[in-house]
Amino acid sequence: MFRQINSLIGRKCIPAGLLLLLSCVLSCKDDNKAAQSGDVKIQRLKLPDGFKAERLYGPSENGEGSWVSMAFDPKGRLLASDQYGALYRLEIPNIGSEDSVQIERIRLSAPGQESDSSVGIGYAQGLLWAFNSLYVMVNHEKDDEFAKGSGLYRLQDLNNDDKFETITLLKEFGGAGEHGPHSIILAPDKNSLFIIAGNYTKAPAMNSYRLPANFKEDNIFPLITDPNGHAAEIRAPGGWIANIDSTGKQLELYSAGYRNAYDLTLNEAGDLFTFDSDMEWDLGLPWYRPTRICHVTSGSEFGWRTGTTPWSPTNPDNLPPVINIGQGSPTNLVFAGNAKFPEKYKRSLLAFDWSFGIIYAIHLKPEGSSYTATGEEFVSGTPLPLTDGTIGPDGALYFLTGGRRLESDLYRVYYDSDSVWAEQPTVSLSAEQRLRRELEAFHGKPQTGAVDKAWPHLKNPDRFIRYAARIALEHQPAASWQNRALAEKDPIISTNAIIALARQGNASVKDKIFNTLLKIDFNALKESERLDIVRAFELTLLRMGIPGTSLKKNVIGYLDKVYPANNNTLNRALSKVLIALEAPDAVEETMELMATAKDDPNEENLTASADLIMRNPQYGTDIAGMLANMPPAQQTYYATALSVAKSGWTPELQKKYFEWFYKAFSFKGGHSFSGYIDRARKNALRNVAAEKVEYFNKISGDSLADQNGGVIVNKENQPKGPGRNWNMQEALTIVDAGLTNRDFDRGRAMFSGSLCVSCHTFVSTARRCPRLRSNTPFERRPRPISR
1134 MFRQINSLIG RKCIPAGLLL LLSCVLSCKD DNKAAQSGDV KIQRLKLPDG
1184 FKAERLYGPS ENGEGSWVSM AFDPKGRLLA SDQYGALYRL EIPNIGSEDS
1234 VQIERIRLSA PGQESDSSVG IGYAQGLLWA FNSLYVMVNH EKDDEFAKGS
1284 GLYRLQDLNN DDKFETITLL KEFGGAGEHG PHSIILAPDK NSLFIIAGNY
1334 TKAPAMNSYR LPANFKEDNI FPLITDPNGH AAEIRAPGGW IANIDSTGKQ
1384 LELYSAGYRN AYDLTLNEAG DLFTFDSDME WDLGLPWYRP TRICHVTSGS
1434 EFGWRTGTTP WSPTNPDNLP PVINIGQGSP TNLVFAGNAK FPEKYKRSLL
1484 AFDWSFGIIY AIHLKPEGSS YTATGEEFVS GTPLPLTDGT IGPDGALYFL
1534 TGGRRLESDL YRVYYDSDSV WAEQPTVSLS AEQRLRRELE AFHGKPQTGA
1584 VDKAWPHLKN PDRFIRYAAR IALEHQPAAS WQNRALAEKD PIISTNAIIA
1634 LARQGNASVK DKIFNTLLKI DFNALKESER LDIVRAFELT LLRMGIPGTS
1684 LKKNVIGYLD KVYPANNNTL NRALSKVLIA LEAPDAVEET MELMATAKDD
1734 PNEENLTASA DLIMRNPQYG TDIAGMLANM PPAQQTYYAT ALSVAKSGWT
1784 PELQKKYFEW FYKAFSFKGG HSFSGYIDRA RKNALRNVAA EKVEYFNKIS
1834 GDSLADQNGG VIVNKENQPK GPGRNWNMQE ALTIVDAGLT NRDFDRGRAM
1884 FSGSLCVSCH TFVSTARRCP RLRSNTPFER RPRPISR
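Listed below in structure tokens is the structure:
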């Protein structure tokens, strides 16, 4: 059905909204049929051949909240946490048993620790049993109901009575909510833990850093923060992963540059992976990055930056994803090696998407020192708001649905076949993997022999090895290898050494760096190497400053000679640098490109956007609208880059430029698309002569921006101030007295106009299609910055 309906959308036969309604009607018919044959929720699940599913328990049905995290203890009992409440412990019946789940709430038994009315411990977005303790990652701002704030806590049963008497705060974290601290897993050394946090969680001071901590935004592209306020004040390093010892005393930054990765897992080789989120409000914009699986290596950087400035995956100073998934809301990630599943799944990662109700099986294939991947839908359902999951002691997959107070359930999926289950995969490291790990041993501190070991591998054909070598170099005092970098003759080693020096060296060597780069024959480089050298110029400009007049002219001449290039990615890199350098021909050349630019074929994602339209009405409508009128991403990039250009304009070029914005307002994209277009337009207006501002403002679509460019779309229902300063007691007095003669329609319009509806939505499911329930992601739907 999905493919047929998507085909109609693609041909624009009937409106996307009408098709969504049609899918709801058809699904309701299917649900009615399923209701006659058993558990409707089980019947909605799509499973691979040979697999079966059970719905074991419904927390919401029993007044126990909406569960978002889980783990097993050594006795095979399941531990779970309500997103906004307590922890629970469950006895799970064996597969095939007719027994029911036995559940108890976890209470602290020490005097004064907990009363019957208090939560005690909970609000967890990460649970782990390790070191004879339960580790709990609390994600919460302290309040009267629950006094414990965000942080990593350790619960212990010291007298072996099967009750927790002690709770210890190991590490407090500054951040809470959707993008706060998340999951915990046991590290490969079995002596420490890995923890992960979203980009609203300020990275605390750490004892050591595998990724050097001199974080910068490092993008010369004009910064425009999200027009709707999300992460507007957040700067690098964004979301991060750290290693912490069992007592919380030693904390080491391991990786950073994520938007809001929620969970992490290890495969059979001990390599670490995570599933990072997209920014769905950026759909249709050139800086949009889909949800993606990342191989998390020592000292890795994945380039999330706020607003318009996320790094290109091609930047040599960050790493690319293993696979792009597409739109969605990543939650759980689990390695299937311990599952009693067929061979094809034994080296797979199971990646959970909240928004569209899909568990993907990501099949990893070693390639060099990292991996490539393919994928498939493993389990899916509509609705199926997936939160957390794990492989149980019996080899089955256990997973939760819920989050954001949605209806919550516990499921078990197992392979029901007489065939023999595949054994856990064995570890076999390639020569490239061993080399990468040898280089990673030099991350974190100065070490004898590190420079000599790393140097030749700055030109290793394996990107992850090159990266590991550069990070090893950056941890050594720059004075010990600076001259070697400036004298290097090999163009590839030279480029990567200069990138390291731009990041770690003193600005006094700025001119020497530029002169070293100017000696490299650009035309003799491969495409990826050309991108690397342009990045080296960009980083030097950002970190050390613009060179003097004569040298600046030489740099412009070197880059302008190869601009425009023959591909979009290199043209993006060159355009922003030349515009920042105020190259005399940059505006004219970029405008010529902008007039004829065609987007590359859509980057291949595991799941095509069109395939997701019917799975979630809230997001499907946005996706359908965008696909029906795709924004020109390459043109949008050039238009944004040119918004800061102060010179090089002619009247004709300026007219064409501002007329482009008028047309751009007709394109459909994510929630922030029109706002970004309008802000770039307004930035550009600051660079025109005062007497021309009114004219260019008009032809660039000022009248359209009033409707589309700002946060508030409906002029008649713009939020207004309260008219006076209210305190809580005054407001409660009015409310408690009973409100009468309220204007419901105006209230609803205000709720929508102020964008409250984008996050806070409840639709009664009584006598309605299940597809029309609120499906706002519990984990990473952007929230107002003032939260």
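Here the sequence shown stands for residues 1134 to 1920, numbered as in the numbering used here.
C-beta atoms are modelled at their ideal positions from N, C-alpha and C, and glycine is treated no differently.
All figures in this text were calculated on a predicted structure; none of them were measured in a lab.
Can you give the beta carbon distance from residue i to residue j, rounded, assuming they're within the 8 Å contact cut?
i, j, result
"Val1201", "Asp1542", "About 12 Å separates the two Cβ atoms, so there is no contact after all."
"Gly1535", "Ser1199", "4 Å"
"Leu1303", "Leu1261", "Not a contact, Cβ separation roughly 12 Å."
"Gly1678", "Ala1716", "Not really, about 17 Å apart at Cβ, beyond 8 Å."
"Phe1597", "Gly1501", "7 Å"
"Met1339", "Leu1384", "5 Å"
"Leu1189", "Tyr1544", "7 Å"
"Phe1655", "Arg1663", "6 Å"
Could you work out which residue in the options is closest to residue i when comparing CA atoms only?
i, options, result
"Ala1402", "Val1642, Val1560, Ser1410, Phe1655", "Val1560"
"Thr1628", "Gln1609, Leu1658, Gly1681", "Leu1658"
"Asn1393", "Arg1599, Glu1224, Arg1438", "Arg1438"
"Arg1636", "Asp1623, Pro1624, Ala1605, Gln1460", "Ala1605"
"Gly1417", "Lys1788, Pro1765, Gln1787, Ser1230", "Pro1765"
"Gln1460", "Tyr1544, Arg1567, Ala1741", "Ala1741"
"Trp1487", "Thr1505, Asn1471, Leu1517", "Leu1517"
"Tyr1771", "Leu1634, Asn1830, Leu1786, Ser1708", "Ser1708"
"Asn1457", "Asn1448, Gly1470, Asp1450, Arg1422", "Arg1422"
"Asp1732", "Leu1745, Arg1705, Asn1749, Ala1757", "Arg1705"
Can you list, in chain order, the residues of its chain with a C-beta nearer than 6 Å to that of residue i? Leave out the 5 residues immediately preceding and following it.
i, result
"Ile1239", "Leu1220, Arg1222"
"Ser1431", "Arg1343, Glu1573, His1576"
"Phe1791", "Phe1829, Ile1832, Ser1833"
"Leu1267", "Leu1288"
Here's a check: name, in chain order, each residue in its chain whose Cβ is nearer than 7 Å to the Cβ of residue i, leaving out the five neighbours to either side.
i, result
"Ile1810", "Phe1794, Ala1797, Phe1798, Gly1842"
"Pro1610", "Pro1579"
"Tyr1333", "Gly1308, Gly1310, His1312, Gly1313, Ile1367"
"Phe1468", "Thr1398, Leu1399, Asn1400, Leu1482"
Can you tell me whether residue i is helix, strand or coil according to DSSP?
i, result
"Val1252", "coil"
"Phe1791", "helix"
"Asp1665", "helix"
"Phe1798", "coil"
"Gly1436", "coil"
"Ser1776", "coil"
"Trp1262", "strand"
"Met1724", "helix"
"Thr1909", "For Thr1909, the predicted model reports a pLDDT of 36, less than 50, meaning its position is unreliable; a value from the coordinates is still stated below. Coil at Thr1909, not helix or strand."
"Leu1568", "helix"
"Trp1200", "strand"
"Pro1589", "helix"
"Ser1541", "coil"
"Arg1904", "Model confidence at Arg1904 stands at a pLDDT of 27, short of 50, so the residue's coordinates are unreliable and nothing is read from them."
"Asn1700", "coil"
"Gly1390", "strand"
"Leu1888", "Low per-residue confidence applies at Leu1888: pLDDT is 47, beneath 50, and the placement is therefore not dependable, though the value from the model is reported in the following sentence. In this structure, Leu1888 counts as coil in the three-state DSSP scheme."
"Gln1460", "coil"
"Pro1384", "Pro is not the amino acid found at residue 1384; the sequence shown has Leu there. Residue state, collapsed to three classes: strand."
"Arg1748", "helix"
"Leu1178", "coil"
"Thr1729", "helix"
"Thr1673", "helix"
"Lys1335", "strand"
Can you list, in chain order, the residues of its chain whose CB lies under 8 Å from that of residue i, leaving out five sequence neighbours each side?
i, result
"Lys1473", "Asp1527, Gly1528, Ala1529, Tyr1547, Tyr1548, Trp1554"
"Asp1322", "none"
"Arg1210", "Arg1222, Leu1223, Glu1224, Ile1225"
Please tell me whether residue i and residue j are closer than 8 Å, where the distance is taken between their beta carbons.
i, j, result
"Leu1466", "Ala1213", "no"
"Lys1801", "Asn1738", "no"
"Gly1313", "Gly1255", "no"
"Ala1484", "Pro1463", "yes"
"Leu1285", "Thr1398", "no"
"Leu1775", "Ile1712", "yes"
"Pro1419", "Thr1769", "yes"
"Leu1497", "Arg1480", "yes"
"Ser1923", "Trp1414", "In the structure as shown, the chain starts at 1134 and stops at 1920, and residue 1923 therefore has no counterpart that could be examined."
"Ala1630", "Leu1591", "yes"
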